[in-house]
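Chemist: In this note's numbering, the protein residues as written are 29 to 162.
Shown next as structure tokens:
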């Protein structure tokens with residue numbers, strides 16, 4: 029039991045490290061949203077508990093949507109300019125943009141995988157194969 033828990037914890041730590049050091053982390057938020065692609069941005073912070081809970085979900089969805097949409101994380105504690113630009117009052121906040129770059133949906137707080145997939149599907153992005161989930 030202890031080995032399984034440690035293994036799950038180590039996988040989560042690796043996923044979080046990959047998430048926060050990969051392209052999922054938008055250092056250049058000026059290119060967000062991407063014109064011509066549906067984009068979901070998650071504005072939060074690496075040290076925010078709900079943001080940490082969402083990180084593995086965003087890593088997974090970034091991979092499954094890589095051909096059809098953009099999933100982007102922006103740490104607004106490290107750089108508050110995006111918070112001002114997107115008028116963020118609380119984190120995490122997820123904003124969904126259509127292919128024209130228009131905001132079509134906004135959610136504040138933890139957002140689960142199923143809800144993200146549902147919103148992306150409403151916006152015309154094909155539902156990804158999530159291995160029997162979602």
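Virtual Cβ for every residue (Gly too), placed ideally from N, Cα, C.
All values reported here derive from a predicted model rather than from experimental measurement.
On a Cα-Cα basis, can you pick out the residue from 134, 143, 58 and 63 that is closest to residue 118?
Modeler: Among 134, 143, 58 and 63, the Cα nearest to that of residue 118 is on 134.
Chemist: Is the distance from the Cβ of residue 129 to the Cβ of residue 62 below 9 Å?
Modeler: Yes, they are a contact pair.
Chemist: Taking 6 Å as the limit between beta carbons, can you name the residues of its chain near residue 54, skipping five residues before and five after?
Modeler: Unreliable positioning characterises residue 54 in this predicted model, as indicated by a pLDDT of 46, which lies under 50. A coordinate reading is not provided.
Chemist: Indicate the three-state DSSP secondary structure (helix, strand or coil) for residue 71 in the structure shown.
Modeler: strand
Chemist: Which of the three DSSP states, helix, strand or coil, is assigned to residue 50?
Modeler: Per-residue confidence for residue 50 stands at a pLDDT of 42, beneath the threshold of 50, marking its modelled position as unreliable; the derived number appears in the next sentence. DSSP places residue 50 in coil when its eight states are reduced to three.
Chemist: Among residues of its own chain, excluding the 5 on either side of residue 163, which ones have a beta-carbon nearer than 8 Å to its beta-carbon?
Modeler: This structure does not reach residue 163, given that the chain is present from 29 up to 162, and the question cannot be answered.
Chemist: Using a Cβ-Cβ cutoff of less than 6 Å, which residues in the same chain neighbour residue 139 once the five nearest sequence positions on both sides are dropped?
Modeler: 122
Chemist: Would DSSP call residue 141 helix, strand or coil?
Modeler: helix
Chemist: If you check the beta carbons only, do residue 68 and residue 114 fall under 9 Å apart?
Modeler: no
Chemist: Please report the distance separating the alpha-carbon of residue 131 from that of residue 58.
Modeler: 15 Å
Chemist: Which residues in the same chain as residue 136 place their Cβ atom closer than 7 Å to its Cβ, once the five residues preceding and following it in sequence are excluded?
Modeler: 118 and 121.
Chemist: Taking residue 62 as part of the alpha helix (DSSP H), name the residues at either end of that continuous run.
Modeler: Where residue 62 is concerned, there is no enclosing alpha helix (DSSP H), given that its DSSP letter is neither H nor E.
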